[in-house]
Amino acid sequence: MQGDSATTSQETTQLLRSVAEQLKMPLSTIARQAELGQLTGDVSLTDLSAIRTHASAALTLVDCYLLGLQLIREQALLPLEPVSVSSLLVETAHELQAFAKQYDTTLELHIAGKYEPVMAHHAGLKSALLSLGYALLESYPVQQRGRMSLAVHRTPNGIVTGLYGDFEQLSSKAWRTALELQGKAPRPFESLSGNGAGLFVAEAILQAMDTKLRVGKHRKQQGLATTLQPSQQLSFV
Amino acid sequence: MANVLLIEPDAVLARTYIQALQHVGHIVSYAACAQDAILAADEAKPDIVVLELRMAVHDGIEFLYEFRSYPEWQHVPVVVNSHIAPSNLEPVRTALQDDLGVVALLYKPKVSLQQLISQVNGQVALP
């Protein structure tokens with residue numbers, strides 16, 4: 001039991017360190033943007049949209065972190081219920097659009113076909129995707145910027161949803177290494193400029209839904225996604 | 238007025254720094270990663286470099302080793318403006334300041350635009 005508690009404490013400490021590091025980015029942006037208008041005497045130079053979207057990103061990361069922390073501490077599983085993955089992706093894309101625009105990236109929504117409800121926790125899945133989205137958009141390598149997709153597709157193992165872009169160096173091995181290095185190394189992902197705290201927060205939330213993030217592909221783009229099981233109950237209806 | 242090369246991976250922060258530095262009369266060229274920074278330096282002939290150390294693939298220290306390997310860039314002042322906390326930079330402080338010619342180590346969350354401008358102005362005004 002003591003071992004479990006020590007592991008949990010280590011996990012939460014590492015997650016906290018990652019999140020604290022990651023929060024410097026939106027907060028610096030807000031502080032410097034607020035200062036710009038004052039410095040130049042031209043308040044129109046202060047980009048209110050940048051302040052708003054970065055404040056939202058910071059608040060979402062904090063919220064998602066708190067949820068992840070609670071789940072790790074309680075070693076709890078989120079109660080699963082049938083969730084419409086299509087409408088959840090539409091909501092998530094809507095919240096990520098403004099942030100994507102700040103990073104000169106067009107966020108495309110790919111929902112091809114009809115999907116039956118999946119077994120998930122609505123708020124948990126949305127938090128995980130938002131957290132994943134903010135982290136990937138912020139760390140998107142500049143040379144690849146332009147397009148990222150929030151997508152869902154069907155595989156024999158279930159319904160896969162996640163975020164994809166031109167992350168050429170993102171591999172399963174790199175993701176496993178990053179999970180081991182999170183909270184210990186300043187850049188667990190060599191190919192991303194940030195520390196990827198949002199990815200680890202998303203992973204913690206998804207684990208509480210008995211699933212996890214995996215490196216996957218969608219329409220020639222590489223990304224991180226999770227596999228969800230269709231709701232059997234509603235399939236019979 | 239000076240030619241400033243800004244190396245900053247975050248596009249939104251970069252825009253803010255560029256606007257502030259341009260406002261006080263500097264000409265700013267910009268690179269978001271170490272690879273592009275070498276090309277940008279070649280083109281812009283900077284009088285000073287403002288550098289974030291934490292970047293994807295090649296970090297700022299790798300950039301500095303390459304930058305200093307060219308004779309024409311050995312004496313260009315470099316101001317580090319980074320999200321890395323000063324305590325975490327302790328192990329590399331000597332290398333940065335003595336070997337790689339970093340003239341100032343600034344901690345980005347604590348350094349205002351005005352303070353950054355003062356650093357840049359102070360360095361380019363030096364004989």
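The listed protein sequences correspond, in order, to chains C and U. Residue 1 is where the first sequence starts when you use our numbering, and the numbers rise one by one after that. Residue 238 is where the second sequence starts when you use our numbering, and the numbers rise one by one after that. Backbone N, C-alpha and C fix where the C-beta goes; we use that ideal spot for every residue, glycine too.
Could you tell me whether the Cβ of residue i comes closer than 8 Å to any Cβ of chain C?
| i | result |
| --- | --- |
| VAL286 of chain U | no |
| ARG291 of chain U | yes |
| VAL294 of chain U | yes |
| VAL265 of chain U | no |
| VAL317 of chain U | no |
| ALA248 of chain U | yes |
| PRO328 of chain U | no |
Judging by CA-CA distance, which residue of the options is the nearest neighbour of residue i?
| i | options | result |
| --- | --- | --- |
| SER172 of chain C | C:ARG147, C:LYS212, C:LEU109 | C:LYS212 |
| HIS153 of chain C | C:THR8, C:LEU89, C:ALA76 | C:LEU89 |
| HIS295 of chain U | C:ILE51, C:ILE205, C:SER193 | C:SER193 |
| MET119 of chain C | C:SER18, C:ARG214, C:ALA208 | C:ALA208 |
| GLN229 of chain C | C:LEU206, C:LYS217, C:GLN221 | C:LEU206 |
| ALA281 of chain U | U:HIS263, U:PRO346, U:ILE321 | U:HIS263 |
| SER87 of chain C | C:GLU138, C:ILE72, C:ALA151, C:LEU36 | C:ALA151 |
| LEU337 of chain U | U:ALA248, U:ARG305, U:ALA257 | U:ARG305 |
| PRO117 of chain C | C:ALA202, C:GLY158, C:LEU130 | C:GLY158 |
| GLU245 of chain U | U:LEU276, U:MET238, U:ALA268, U:PRO308 | U:ALA268 |
| LEU109 of chain C | C:HIS122, C:GLN22, C:TYR164 | C:TYR164 |
| THR161 of chain C | C:SER191, C:ILE111, C:LYS184 | C:ILE111 |
| GLU74 of chain C | C:GLY198, C:ALA100, C:THR12 | C:THR12 |
| LEU170 of chain C | C:ILE51, C:GLY216, C:LYS114 | C:GLY216 |
| LEU23 of chain C | U:ALA239, U:VAL357, U:PRO346, U:LEU350 | U:PRO346 |
| GLN33 of chain C | U:ILE275, U:VAL340, U:ALA251, U:GLN356 | U:ALA251 |
| LEU224 of chain C | C:SER84, C:GLN102, C:THR8, C:SER149 | C:SER149 |
| ARG219 of chain C | C:GLU190, C:ASP166, C:THR226, C:ARG187 | C:ASP166 |
Going by DSSP, which residues form a beta bridge with residue i?
| i | result |
| --- | --- |
| VAL340 of chain U | For VAL340 of chain U, which the question treats as bridged, DSSP gives no partner whatsoever. |
| GLN221 of chain C | C:HIS218 |
| ARG147 of chain C | C:THR106 |
| GLY158 of chain C | C:THR155 |
Does chain U have any CB closer than 8 Å to the CB of residue i?
| i | result |
| --- | --- |
| TYR134 of chain C | no |
| ARG52 of chain C | no |
| LYS173 of chain C | no |
| SER18 of chain C | no |
| GLN222 of chain C | no |
| LYS217 of chain C | no |
CB-CB under 8 Å to residue i, same chain, minus the five flanking residues each way: which ones, in chain order?
| i | result |
| --- | --- |
| GLU299 of chain U | ALA271 |
| LEU342 of chain U | VAL317, SER319, PRO323, LEU326, ARG330, LEU333, GLN334 |
| GLU91 of chain C | LYS126 |
Give me the Cα-Cα distance between residue i and residue j, rounded to the nearest whole angstrom.
| i | j | result |
| --- | --- | --- |
| SER56 of chain C | LEU181 of chain C | 27 Å |
| VAL261 of chain U | TRP310 of chain U | 24 Å |
| LEU59 of chain C | HIS312 of chain U | 43 Å |
| GLU168 of chain C | GLN222 of chain C | 7 Å |
| GLN360 of chain U | LEU353 of chain U | 11 Å |
| PRO283 of chain U | ASP104 of chain C | 26 Å |
| CYS64 of chain C | ALA362 of chain U | 47 Å |
| ARG176 of chain C | GLN70 of chain C | 23 Å |
| ALA197 of chain C | GLU21 of chain C | 8 Å |
Closer than 7 Å by C-beta to residue i: which residues in its own chain qualify, once you throw out the five before and the five after it? Chain order, please.
| i | result |
| --- | --- |
| SER49 of chain C | ALA98 |
For a contact defined as C-beta to C-beta under 7 Å, what are the partners of residue i on chain A?
| i | result |
| --- | --- |
| ILE321 of chain U | Annotation note: the requested chain A is absent from the structure, which comprises protein chains C and U. |
Note down, in chain order, each residue of its chain lying with its Cβ closer than 6 Å to the Cβ of residue i, except the 5 sequence neighbours on either side.
| i | result |
| --- | --- |
| HIS54 of chain C | PRO26, THR29, ILE30 |
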